[in-house]
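Using UniProt numbering, the first residue of the sequence shown is number 1, and each one after it goes up by one. We put the beta carbon where it would ideally sit given N, CA and C, even for glycine. A quick write-up on the structure given underneath.
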Amino acid sequence: RDDGKEELAELAASIRKKHGGGITEEQVAKLISCEHEPLPSRAAYRVQAIRGMTGGKRVATTSRSEMAQTPSLPLNSVMPFEGGPAPKDQEIQGFSITFEFEALKHAVLESVGDLSVPIRRLGDADVHASVAVRTRDGTAKSNTDYKPIDVRIDFPPGVTKQTVLLSIIDDAANE
């Protein structure tokens, strides 16, 4: 039993060394499971190939390679926008704060109206922090399927969860 605990502690230490010491236990557990997940069996590859040939859909929701991607920046750093680096006044020196969506993806009917998207704050909750949130087109297109947003969400001290309201456009087009 002790060998397993020591091995787990070594894995956690190597993950923290690789990704920075400011990550939470939950993030360490996710990274360990991604890096040490067993490879799919021959049968799994065969089933996937047959589904591909016959037009069947894949059952798995996330791919192993998608989950195993390591971040290009340390998890506790300030992430710049595509338009340039983050403003200096938004940098939080000496604190480890991370923001994440509670769900990886959202799928709703157009008749839903508004969709509340929860955002979670991890790390030091004793200071004020904010995060910029904006939509981008994927399979849904802005101004056709949803109203685009570009907002800054404030997290006062002690607040660890906020929601963003996204308006879904209900049109008559068949999709």
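Residue of Arg121, Gly138, Arg51 minimising C-alpha distance to alanine 130: Here residue 130 is serine; the residue named in the question, alanine, does not match the sequence. It is Arg121 whose Cα lies nearest to the Cα of serine 130.
Using a Cβ-Cβ distance cut-off of 8 Å, determine whether aspartate 3 contacts chain B. The structure shown contains no chain B, having only a single protein chain.
Could you pull the start and end residues of the alpha helix (DSSP H) that glutamate 35 belongs to? 25-35 is the span of the alpha helix (DSSP H), which, as asked, contains glutamate 35.
Between the Cα of serine 167 and those of Ser142, Gly158, Pro156, Thr160, spot the shortest distance and give me the residue it belongs to. That would be Ser142, whose Cα lies nearest to the Cα of serine 167.
Excluding the 5 residues flanking arginine 42 on each side, which residues of the same chain have their C-beta closer than 8 Å to its C-beta? None.
Assuming isoleucine 97 and aspartate 114 are in contact, meaning their beta carbons sit under 8 Å apart, how far apart are those beta carbons, in whole angstroms? 28 Å between Cβ atoms; not a contact.
For the segment 43-52 and the segment 14-31, state whether three or more C-beta atom pairs, one from each stretch, are separated by less than 8 Å. No: the two stretches stay apart, fewer than three of their Cβ pairs being nearer than 8 Å.
Where aspartate 145 sits in the DSSP three-state scheme: Looking at aspartate 145 - three-state DSSP - the assignment turns out to be coil, as it is neither helix nor strand.
Could you tell me how far apart the beta carbons of isoleucine 119 and aspartate 145 are, in whole angstroms, since I believe they sit closer than 8 Å? Actually they do not touch by this definition, with Cβ atoms about 21 Å apart.
For the beta strand (DSSP E) that arginine 152 lies in, which residues bound it at each end? In the DSSP assignment, arginine 152 falls within the unbroken beta strand (DSSP E) covering 150-155.
Under 8 Å, do isoleucine 149 and valine 159 count as touching if we go by C-beta distance? Contact flag unset, no.
The beta strand (DSSP E) with threonine 98 in it runs from where to where? Threonine 98 -> beta strand (DSSP E) spans 97-101.
Would you call glutamate 10 buried or exposed, if buried means 16 or more other Cβ atoms sit within 10 Å of its Cβ? When all chains shown are included, glutamate 10 counts as exposed.
Look at the alpha carbon of glutamine 48 and the alpha carbon of alanine 29, and state the distance between them as a whole number of angstroms. Put simply, the backbone Cα of glutamine 48 is about 28 Å away from that of alanine 29.
To the nearest angstrom, how far is it from the Cα of glycine 138 to the Cα of glutamate 7? When rounded, the distance between both Cα atoms is 41 Å.
Give me the Cα-Cα distance between alanine 12 and phenylalanine 155, rounded to the nearest whole angstrom. Taking C-alpha positions only, alanine 12 is separated from phenylalanine 155 by approximately 29 Å.
In whole angstroms, what separates the C-alpha of histidine 106 from that of aspartate 3? Histidine 106 and aspartate 3 have their alpha carbons spaced roughly 41 Å apart.
Just how far apart, CA to CA, sit arginine 136 and lysine 147? Cα to Cα, the separation comes out at about 10 Å.
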